[in-house]
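S.K.: Here's a structure for you.
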Amino acid sequence: SKARLFEQAGALFERSAGLPRTVVSASLAAREKLGSTGLGQGIAIPHGRIKGLATATGAFIRLVAPIPFEAPDGKPVQQLFVLLVPEHATEEHLQLLSELAQMFSQRTFRDQLASAASPEDLIRLFRAWEAA
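Residue numbers (our numbering): 66 to 197.
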């Protein structure tokens, strides 16, 4: 479920960035209440603003089993990029969302993410897209 996903994302950012898991999951859930962050094609970009966060941070998550996400095409979501931005980083927030949407709009990129064998492969894919 989305709620479980947001809890797990909170735990991930708590371990990796020292952010309180409840703050992360609450921010993601609050944004999702405004409207689904599902893009379609099995992709979602849940995002939230975090008070006190110095710089944007994110994580790519590939689920074992897809979950319902109220995406425009009705398809469940299996690949997500969770984006957290500083509370007042409006321009940066919009720019990052735009770049992520462009990445995920490319079928080849989505397919490569789905078949990546390791975290290192995923990092290489994101870096290669940024460099292009």
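C-beta: ideal position from N, C-alpha, C; glycine also.
Looking only at C-alpha atoms, which of 81, 101 and 182 sits nearest to residue 137?
M.R.: Working through the sequence shown from its first residue, we reach residue 137 at position 72. When only C-alpha atoms are compared, the closest one is 101.
S.K.: Anyone know if the C-beta pair for residue 143 and residue 105 falls short of 7 angstroms?
M.R.: By 1-based counting over the sequence shown, the position of residue 143 is 78. By 1-based counting over the sequence shown, the position of residue 105 is 40. Cβ atoms of residue 143 and residue 105: not closer than 7 angstroms.
S.K.: Under DSSP, the alpha helix (DSSP H) around residue 173 begins and ends at which residues?
M.R.: Translated into positions along the sequence shown, residue 173 becomes position 108. Counting along the chain, the alpha helix (DSSP H) containing residue 173 begins and ends at 172-180.
S.K.: Taking the Cβ atom as the reference point for each residue, do residue 103 and residue 72 lie within a distance shorter than 7 angstroms?
M.R.: Numbered from its first residue, the sequence shown carries residue 103 at position 38. Numbered from its first residue, the sequence shown carries residue 72 at position 7. For residue 103 and residue 72, no; Cβs fall outside 7 angstroms.
S.K.: Does the count of Cβ pairs from the stretch 150-160 and the stretch 124-131 closer than 8 angstroms reach three?
M.R.: The stretch 150-160 is not in contact with the stretch 124-131.
S.K.: Considering only C-alpha positions, which residue in the set 114, 82, 83 and 131 is nearest to residue 67?
M.R.: What you label residue 67 is simply residue 2 of the sequence shown in a count that begins at 1. When only C-alpha atoms are compared, the closest one is 131.
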